[in-house]
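*Asks:* For the sequence shown, my numbering gives the first residue as 1, with consecutive numbering after it.
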Amino acid sequence: MSRRSVRRAVGALLLCLLPLAGTPARAEPAPPPMTVVVIADINQILRDAKSAKDVQTQINKAMADFSKQVSTSENELQKMRDELERERNVLPPDAFSAKTRQYQQRFDALDRTVQARRKALQQSYNEAMTKIENAALQIVAQIAGEHKANLVLTRAAVLFAANGLDITAEVTKRLDAKLPTMTVKLPSAVAPAPAKPH
1 MSRRSVRRAV GALLLCLLPL AGTPARAEPA PPPMTVVVIA DINQILRDAK SAKDVQTQIN
61 KAMADFSKQV STSENELQKM RDELERERNV LPPDAFSAKT RQYQQRFDAL DRTVQARRKA
121 LQQSYNEAMT KIENAALQIV AQIAGEHKAN LVLTRAAVLF AANGLDITAE VTKRLDAKLP
181 TMTVKLPSAV APAPAKPH
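(1) May I ask which residues mark the beginning and end of the beta strand (DSSP E) holding V37?
(2) Give every residue of the same chain whose Cβ lies closer than 8 Å to the Cβ of V158, excluding the five residues on either side of it in the sequence, and list them in chain order.
(3) Cβ atoms of I59 and V184: under 8 Å apart, would you say?
(4) In this structure, does DSSP put A153 in helix, strand or coil?
(5) How many whole angstroms separate the CB atoms of A149 and V37, which I take to be in contact at a CB cut-off of 8 Å?
(6) Can you tell me whether D108 is buried or exposed, with buried defined as 16 or more other CB within 10 angstroms of its CB?
(7) Based on the DSSP secondary-structure assignment, which residues constitute the bridge partners of D200?
(8) Since I believe T181 is in contact with L51 (beta carbons under 8 Å), could you give me their beta-carbon distance rounded to a whole number of angstroms?
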């Protein structure tokens, strides 16, 4: 092979290798980060926190106050019903039917009032507890960061955990310090419709 032929062959080989030389070496994929886990029981936190107990106390008091009002209305309705029973054979049929309709209307109105009040109190409870839960979740994230954790599991999903992984008590403690009370925005009190006997 002549020198010219050798040069041509080397030149052709270099041309083939040039694109490969410009390609960077393929980087090895980074190993996945080490999983650091902490465990929290949000349900227990929402049972034990001072603010959650405060909410429950306020709701219970509002319900008890309303129950007293309802009891008064129920007593009035009972008197109205007793009077109807006494007048069943005394009043003309038209008058008795009119009084029966009036009683039923008052009974239905009281039932609607009770249902509406229960629903409104449940909504007030849910709104207050959502605020507490959001504050608790912020604290969970804060403590997880302090532990350099990249995964938080709920206790219900864990069969076994080593000591020191459960942050539930610490979350509750910090939540009590940050949010010791929670004012419930109670619905405006609407007294049950009075049931005046006629």
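Heads up, the beta-carbon is just placed ideally off N, CA and C, and yes, glycines get one too. Source: prediction; values computed, not measured.
*Replies:* Straight from the coordinates:
(1) In the sequence shown, the residue the question calls residue 37 occupies position 37. Segment V37 to A40, the beta strand (DSSP E) holding V37.
(2) Reading the sequence shown from its first residue, position 158 is the one you call residue 158. Correct list, in chain order: I39.
(3) The residue labelled residue 184 in the question sits at position 184 within the sequence shown. The residue labelled residue 59 in the question sits at position 59 within the sequence shown. Going by C-beta atoms, V184 is nearer than 8 Å to I59.
(4) The residue given as residue 153 occupies position 153 in the sequence shown. Reading the sequence as shown, one finds Leu at residue 153 and not Ala. Three-state result, L153: strand.
(5) Translated into the one-based positions of the sequence shown, residue 149 becomes position 149. Translated into the one-based positions of the sequence shown, residue 37 becomes position 37. Going by Cβ atoms, the distance from A149 to V37 rounds to 6 Å, so yes, they are a contact pair.
(6) Stepping through the sequence shown from its first residue, residue 108 is reached at position 108. By the neighbour-count rule (16 or more Cβ atoms within 10 Å), D108 is not buried but exposed.
(7) The structure shown does not extend to residue 200, since the chain spans only 1 to 198, so no value can be given for it.
(8) For the purposes of this step, residue 51 is identified with residue 51 of the sequence shown, where counting begins at 1. For the purposes of this step, residue 181 is identified with residue 181 of the sequence shown, where counting begins at 1. At residue 51 the sequence reads Ser, which differs from the Leu that was named. At roughly 6 Å, the Cβ-Cβ gap stays under 8 Å, so S51 and T181 are in contact.
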